[in-house]
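Colleague: One structure, as structure tokens, below. Some questions next.
2 protein chains.
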Amino acid sequence: MSSLFLRTLREDPADAEVPSHKLLVRAGYVRRVAPGVYSWLPLGLKVLRRIEAVVREEMDAMGAQEIQFPALLPREPYETTNRWTEYGPNLFRLQDRKGGDYLLGPTHEELFTLAVKGEYSSYKDFPVVLYQIQTKYRDEERPRAGILRGREFLMKDSYSFDLSDDGLAESYRRHRDTYVRIFDRLGLDYVIVAATSGAMGGSASEEFLAESPTGEDTFVRGPGGYAANVEAVTTPAPPAIPLDGLPAAQVHHTPDTPTIDTLVDFLNAAGERRFTAADTLKNVLVKTRAPGAKDWELLGVGVPGDREVDLKRLGASLEPAEVALLDEADFARNAFLVKGYIGPGALAANGVRYLVDPRIVTGTAWVTGADKADHHVVDLVCGRDFTPDGTIEAAEVRAGDPSPDGEGVLEAARGIEIGHIFQLGRKYADAFGLDALGPDSKPVRITMGSYGVGVSRLVAVIAEQSHDEHGLVWPRTVAPYDVHVVVAGKSAELLAGGEEIAAELERQGLDVLLDDRKASPGVKFADAELVGVPTIVVVGRGLADGKVELKDRASGERTEIARAGVAEHVAGIVRGA
Amino acid sequence: MSSLFLRTLREDPADAEVPSHKLLVRAGYVRRVAPGVYSWLPLGLKVLRRIEAVVREEMDAMGAQEIQFPALLPREPYETTNRWTEYGPNLFRLQDRKGGDYLLGPTHEELFTLAVKGEYSSYKDFPVVLYQIQTKYRDEERPRAGILRGREFLMKDSYSFDLSDDGLAESYRRHRDTYVRIFDRLGLDYVIVAATSGAMGGSASEEFLAESPTGEDTFVRGPGGYAANVEAVTTPAPPAIPLDGLPAAQVHHTPDTPTIDTLVDFLNAAGERRFTAADTLKNVLVKTRAPGAKDWELLGVGVPGDREVDLKRLGASLEPAEVALLDEADFARNAFLVKGYIGPGALAANGVRYLVDPRIVTGTAWVTGADKADHHVVDLVCGRDFTPDGTIEAAEVRAGDPSPDGEGVLEAARGIEIGHIFQLGRKYADAFGLDALGPDSKPVRITMGSYGVGVSRLVAVIAEQSHDEHGLVWPRTVAPYDVHVVVAGKSAELLAGGEEIAAELERQGLDVLLDDRKASPGVKFADAELVGVPTIVVVGRGLADGKVELKDRASGERTEIARAGVAEHVAGIVRGA
Chain X
1 MSSLFLRTLR
11 EDPADAEVPS
21 HKLLVRAGYV
31 RRVAPGVYSW
41 LPLGLKVLRR
51 IEAVVREEMD
61 AMGAQEIQFP
71 ALLPREPYET
81 TNRWTEYGPN
91 LFRLQDRKGG
101 DYLLGPTHEE
111 LFTLAVKGEY
121 SSYKDFPVVL
131 YQIQTKYRDE
141 ERPRAGILRG
151 REFLMKDSYS
161 FDLSDDGLAE
171 SYRRHRDTYV
181 RIFDRLGLDY
191 VIVAATSGAM
201 GGSASEEFLA
211 ESPTGEDTFV
221 RGPGGYAANV
231 EAVTTPAPPA
241 IPLDGLPAAQ
251 VHHTPDTPTI
261 DTLVDFLNAA
271 GERRFTAADT
281 LKNVLVKTRA
291 PGAKDWELLG
301 VGVPGDREVD
311 LKRLGASLEP
321 AEVALLDEAD
331 FARNAFLVKG
341 YIGPGALAAN
351 GVRYLVDPRI
361 VTGTAWVTGA
371 DKADHHVVDL
381 VCGRDFTPDG
391 TIEAAEVRAG
401 DPSPDGEGVL
411 EAARGIEIGH
421 IFQLGRKYAD
431 AFGLDALGPD
441 SKPVRITMGS
451 YGVGVSRLVA
461 VIAEQSHDEH
471 GLVWPRTVAP
481 YDVHVVVAGK
491 SAELLAGGEE
501 IAAELERQGL
511 DVLLDDRKAS
521 PGVKFADAEL
531 VGVPTIVVVG
541 RGLADGKVEL
551 KDRASGERTE
561 IARAGVAEHV
571 AGIVRGA
Chain W
1001 MSSLFLRTLR
1011 EDPADAEVPS
1021 HKLLVRAGYV
1031 RRVAPGVYSW
1041 LPLGLKVLRR
1051 IEAVVREEMD
1061 AMGAQEIQFP
1071 ALLPREPYET
1081 TNRWTEYGPN
1091 LFRLQDRKGG
1101 DYLLGPTHEE
1111 LFTLAVKGEY
1121 SSYKDFPVVL
1131 YQIQTKYRDE
1141 ERPRAGILRG
1151 REFLMKDSYS
1161 FDLSDDGLAE
1171 SYRRHRDTYV
1181 RIFDRLGLDY
1191 VIVAATSGAM
1201 GGSASEEFLA
1211 ESPTGEDTFV
1221 RGPGGYAANV
1231 EAVTTPAPPA
1241 IPLDGLPAAQ
1251 VHHTPDTPTI
1261 DTLVDFLNAA
1271 GERRFTAADT
1281 LKNVLVKTRA
1291 PGAKDWELLG
1301 VGVPGDREVD
1311 LKRLGASLEP
1321 AEVALLDEAD
1331 FARNAFLVKG
1341 YIGPGALAAN
1351 GVRYLVDPRI
1361 VTGTAWVTGA
1371 DKADHHVVDL
1381 VCGRDFTPDG
1391 TIEAAEVRAG
1401 DPSPDGEGVL
1411 EAARGIEIGH
1421 IFQLGRKYAD
1431 AFGLDALGPD
1441 SKPVRITMGS
1451 YGVGVSRLVA
1461 VIAEQSHDEH
1471 GLVWPRTVAP
1481 YDVHVVVAGK
1491 SAELLAGGEE
1501 IAAELERQGL
1511 DVLLDDRKAS
1521 PGVKFADAEL
1531 VGVPTIVVVG
1541 RGLADGKVEL
1551 KDRASGERTE
1561 IARAGVAEHV
1571 AGIVRGA
């Protein structure tokens, strides 16, 4: 440590909010260069490489083949799939000296598809799984939490290429098993949740989320094993109700009731029927724009009045289209939209697309806006008085909602995405015409899966799950060193003793960090806690009596052991003996 | 090989001129994505990683510490050193979603300097050597020869930080030794030549050039050990000549003599004195522009008339300024420049800077232009009749020129730059104020060295030096596999035999490529030659008699050996036993 390029900091960095960010900066693992762009100092790079090695070993073990694409990519393949446009401002775009358009790869579906098309042609060539561990770039609107959500980051991405849907399902299953092994080896506490596939297109999709209170992703789970990203929760639709005999819809004058609360209060004060917010139908107007399109289109979203529209769920449901709230100018342009009193009637009459929550089925009767200020309609029946254009998952999901698997109710938790697997299907194979010549000489369209692990993010995720108030607490699999030898004193005897012990430990094949600095024992102990190597050997006054102290960083347990057998003893601990 | 992501090609790629480019594409090591931007397929990535490992081991062995900077860098540090501008069109520049200026790092002096400034402050912290192995970007005007000169490439760059010039000299020497070890281990045939430091600034500088007829760099060497990049050759100045008694300059009418040849012929035809082109002084006019400047300035360059101006040497001498030839408009604007008859007189009279070849010393007498059409001046004496503003290395260097070390004459050869070491000095420390607090509490300005190895380029350079008409011939240190087992036949017995032998070889710790494809022996042998694994085991008809054939890829030598001991035998060969 007297020559290691490491300086620990006593203060948290001003821009850090989450523990991993504070500790990785304070302990000298990473340094900020620009928003979401970090340098790796020696300790950080060692942890990153150890995680990368685990990911590589497991990918190789499943028979995936490693290749590497450039990060600097020409526009054309991304133009073919429309992602040059769809990615919007998240894509770093640039031009070369000749004015050619390039991008920094955010994900490499196009290149993998073209590579397989370039090399393979026969059904005998398939299936194949290719992967790379490579720097990726996304111009995040809000890079945050250090390396947790960066704009330059290291990712493992792999792709499977199969001849059939069954083959894809098998490749998907094998990736899922591999991911379980990777995250288990890394000692992570994680859940696998059903996910939406986002801008990628495709069908089956799951996320691996590391449980963390600072996570950006909210997920829900039920007692029967159901778990899903909130964006992916599907709302069970109740059975339809026969229309016969339902009361007719009636418009009521409901002065000063622009909100659900004021409306419910007014109705309950006025009549014998008892209404709750769940009896009302709230119509939220937004505008959407298809990728590359110039114009926005209006969209009405109907949800039970006791729930808010969750904009992340709404956004995920509408991807890859953009979605935005209406501004005053939009209302001014569309006079039929009577704020606070919008009903299905005016939307239908004016050709506005109208999508509703799956709970709004045929035969359900609602209190909703009558498209006229201070007026609502009661007993407006779905399938009789209005017909939505379809359903949409946009209503908020709440802890306590029934679990979609029919078992118990949902609880909510937070997590950080560490892996994502999904069945892309034929989207990219269609875009590039990726076929294999079948045994009957007829072309077979290839079907693909896409699988990602956030390698650099994992450094932060592990730190997030494994730290205490004194610093980092690395699992042995990824720790920057196996053992940290602290020379607790400045005498030449202690220093020589520490150096000898470090040399013995290295002869055992261990990776040793020796604190040989001319600093006080207090400073050294604090740094050892901060840096977080799992086993600490303290070489102090006891050395004269043939004793050294072992400290387990995670439990804090201290043991005095004989100097003589220290190397073998520590090697045993490191190897789990 | 039946499942390896590898398809060899029978034809050379249309855009390939040099052997390494042709073979690396044909043998399935790399694929082109855009000009100067390549993907690494499995075999290529394996060779790249093995070279990277050698570089890393030797850098670690010299005590350098590995870190990693981002490739995406903010403009500010490069603005501080003016390199944002100086790099010109070679720099990939881009903006983020907020309009912030970024670049893709072509070299990281700024970041290394800032990193050390950020962590270190005391003289006790120094010296330190830091390195990274990282993807770099340069928007080359003419990317060429596949990965030999790419626009995205992998480089090891390191920097030394010392308190004194002596310390820098020692860090430089240690890097030089390390580079010798790296390139020796990689089996390269290379020379170390004196170099100019280019746009980097600084003093002592050497290049490691791999000898290759397809190299872009010309270098010269003398029998006494002198070797230099042509740009770095210094011309020994002859001793000055006393001015006393030299004949006076005389202007002669020399009709129709705009070239050196016509002038020499005219003079020799006219008088009793015998002239050669070496007696004439040729004045070449160019224009230069400082980085970021708007206006060009005229510059006169005087060289002996028997030599051309070498534009690469001239450019290197004038860096970081740009240099360009004059166009007709420039001559029109400067009527005092009489084409073909330009002399030092008009340049001095019109304030044009005038730099001459070092051979043009005080007391030398020249035939040169008289600044008047069809007129030359004879016996124009340097230091008497004209006084240059300085000297410049711009004249061509020729095989047969005296070696600057005084021993024998120079010969010319071509090479590919594989490493560059140079003493940067205090340029970057000055720009960022990188000081250490000395033992007397006074600041000491740090002095730096900069050292680079072109890691991805080395894949091509080794291929360039190690191939034959049939394909690649990898040295064992970097070969993608240790041994290539060819099953020469389609019978189940041969396949089983090949698989068993491959398994035995793997148990010996060897990396084995097994050709288990259903292809003809001819196709398999051709692919084995093309792919270039050093040792080939042919499992063919002899297997029934307990024999297999070993083939050494480099020598072509074939040996029949007993099946029984094949694994031990091959392991012995691979380990050099």
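These protein sequence lines map, in sequence, to chains X and W.
Using the working numbering, the letters of the first sequence correspond one by one to residues 1 to 577.
Using the working numbering, the letters of the second sequence correspond one by one to residues 1001 to 1577.
Don't be surprised by glycine CBs; every beta carbon is placed ideally from N, CA and C.
These numbers were taken from a predicted model, which means no experiment stands behind them.
Report the three-state DSSP secondary structure of X:Gly-302 (helix, strand or coil).
Modeller: Of the three classes helix, strand and coil, the one that applies to X:Gly-302 here is strand, per DSSP.
Colleague: On a Cα-Cα basis, can you pick out the residue from W:Asp-1511, W:Gly-1522 and W:Leu-1505 that is closest to W:Ala-1488?
Modeller: Closest by alpha carbon: W:Gly-1522.
Colleague: Can you tell me which of the three DSSP states W:His-1175 falls into?
Modeller: W:His-1175: helix per DSSP, three-state reduction.
Colleague: Cβ atoms of W:Val-1538 and W:Glu-1549: under 8 Å apart, would you say?
Modeller: Yes, these two residues count as a Cβ contact at 8 Å.
Colleague: Answer with yes or no whether the minimum CB distance from X:Arg-563 to chain W is below 8 Å.
Modeller: No - not a single Cβ of chain W is within 8 Å of the one on X:Arg-563.
Colleague: Quick check: is any heavy atom of the ligand SAH less than 7 Å from the C-beta of W:Leu-1148?
Modeller: In the structure on display, the ligand SAH does not appear, and there are no ligands present to speak of.
Colleague: Taking Cβ-Cβ distances shorter than 9 Å, what residues in chain W pair up with X:Gly-118?
Modeller: Near X:Gly-118 (Cβ distances below 9 Å), the residues of chain W are Arg-1007 and Arg-1031.
Colleague: For W:Ala-1290, name the three-state secondary structure that DSSP assigns.
Modeller: Residue state, collapsed to three classes: coil.
Colleague: According to DSSP, is X:Asn-229 part of a helix, a strand, or is it coil?
Modeller: Correct three-state label for X:Asn-229: strand.
Colleague: What residues of chain W sit near X:Thr-135, judged by a beta carbon separation below 8 Å?
Modeller: Those are Ala-1071 and Thr-1135, listed as they occur along chain W.
Colleague: I'd like to confirm the pairing. Which residues does DSSP put opposite W:Asn-1283 in its beta bridges?
Modeller: For W:Asn-1283, which the question treats as bridged, DSSP gives the partners W:Gly-1302.
Colleague: Tell me, please, whether the CB atom of X:Leu-130 is closer than 8 Å to any CB atom in chain W?
Modeller: Chain W, which has a Cβ nearer than 8 Å to the Cβ of X:Leu-130, makes this yes.
Colleague: Determine the DSSP secondary structure at X:Gly-28, reduced to helix, strand or coil.
Modeller: Coil at X:Gly-28, not helix or strand.
Colleague: Between the C-alpha atoms of X:Ala-53 and X:Ala-61, what's the straight-line distance to the nearest angstrom?
Modeller: Whole-angstrom Cα-Cα distance: 12 Å.
Colleague: Taking just the CA atoms, how far does X:Ala-316 sit from X:Ala-199?
Modeller: In this prediction, X:Ala-199 scores a pLDDT of 44, lower than 50, which makes its location untrustworthy; the coordinate-derived value is nonetheless stated afterwards. Rounded to whole angstroms, X:Ala-199 to X:Ala-316 spans 9 Å at the Cα level.
Colleague: W:Arg-1151 touches chain X at which residues, Cβ-Cβ below 8 Å?
Modeller: In chain order: Leu-72 and Asp-96.
Colleague: Taking the alpha-carbon positions, what's the W:Asn-1283 to W:Val-1323 distance?
Modeller: Approximately 16 Å between the Cα atoms of the pair.
Colleague: Around the C-beta of W:Thr-1387, are 16 or more other C-beta atoms found within 10 angstroms, so that it is buried, or is it exposed?
Modeller: Burial call: exposed.
Colleague: For X:Ala-479, count neighbouring C-beta atoms within 10 Å of its own C-beta (all shown protein chains included) and say buried if the count is 16 or more, exposed if not.
Modeller: Buried, by the Cβ-count rule.
Colleague: Does the stretch 1400-1407 of chain W come into contact with the stretch 1080-1093 of chain W, if we say contact requires no fewer than three beta-carbon pairs (one atom in each stretch) closer than 8 Å?
Modeller: These segments do not touch.
Colleague: To the nearest angstrom, how far is it from the Cα of W:Gly-1036 to the Cα of W:Pro-1475?
Modeller: The straight-line gap from Cα to Cα measures roughly 26 Å.
Colleague: Assign X:Phe-126 to buried or exposed, taking buried as 16 or more other Cβ atoms, counted over all protein chains shown, within 10 Å of its Cβ.
Modeller: Buried: at least 16 other Cβ atoms inside 10 Å.
Colleague: Given this structure, state the Cα-to-Cα distance separating X:Ala-335 from X:Pro-258, to the nearest angstrom.
Modeller: Whole-angstrom Cα-Cα distance: 17 Å.
Colleague: Compare the C-beta of X:Pro-143 with all C-beta atoms of chain W and state if any pair is closer than 8 Å.
Modeller: With 8 Å as the cut-off, X:Pro-143 does not count as an interface residue toward chain W.
Colleague: Which chain X residues sit within Cβ distance under 7 Å of W:Pro-1042?
Modeller: Near W:Pro-1042 (Cβ distances below 7 Å), the residues of chain X are Gln-65, Glu-66 and Ile-67.
Colleague: Could you tell me which residues DSSP puts in a beta bridge with W:Pro-1443?
Modeller: BP columns for W:Pro-1443 point to W:Leu-1437.
Colleague: Quick one: is W:Val-1037 near chain X, going by C-beta distance under 8 Å?
Modeller: Yes - at least one Cβ of chain X is within 8 Å of the one on W:Val-1037.
Colleague: Is there a Cβ of chain W sitting closer than 8 Å to that of X:Pro-291, yes or no?
Modeller: X:Pro-291 does not count as touching chain W.
Colleague: So, X:Val-301 versus X:Ala-394, is the Cβ gap smaller than 8 Å?
Modeller: Contact: yes.
Colleague: Using only the alpha-carbon positions, how far apart do W:Ala-1332 and W:Asp-1256 sit?
Modeller: Cα to Cα, the separation comes out at about 21 Å.
Colleague: Considering only the beta carbon of each residue, do X:Ile-418 and X:Gly-454 sit closer than 8 Å?
Modeller: Cβ atoms of X:Ile-418 and X:Gly-454: closer than 8 Å.
Colleague: Give me the Cα-Cα distance between W:Ser-958 and W:Leu-1458, rounded to the nearest whole angstrom.
Modeller: As shown, chain W starts at 1001 and ends at 1577. That puts residue 958 of chain W outside it, with no answer to give.
Colleague: Out of curiosity, what's the CA-to-CA distance linking X:Gly-202 and X:His-470?
Modeller: Caution is warranted here: a pLDDT of 49 is assigned to X:Gly-202, below 50, making its placement in the model unreliable, and the coordinate value is therefore given only provisionally. Rounded to whole angstroms, X:Gly-202 to X:His-470 spans 45 Å at the Cα level.
Colleague: Can you pull the chain W residues whose beta carbon is under 7 Å from the beta carbon of X:Asp-139, in chain order?
Modeller: Those are Asp-1096 and Arg-1097, listed as they occur along chain W.
Colleague: I want to see whether chain X comes within less than 8 Å of W:Arg-1056, judged by CB atoms only; does it?
Modeller: False, the Cβ-Cβ gap to chain X never drops below 8 Å.
Colleague: Using 8 Å as the cut-off, can you tell me whether the stretch 94-109 of chain X makes contact with the stretch 167-176 of chain X, which would need three or more C-beta pairs spanning the two stretches below that distance?
Modeller: No, the stretch 94-109 of chain X does not touch the stretch 167-176 of chain X.
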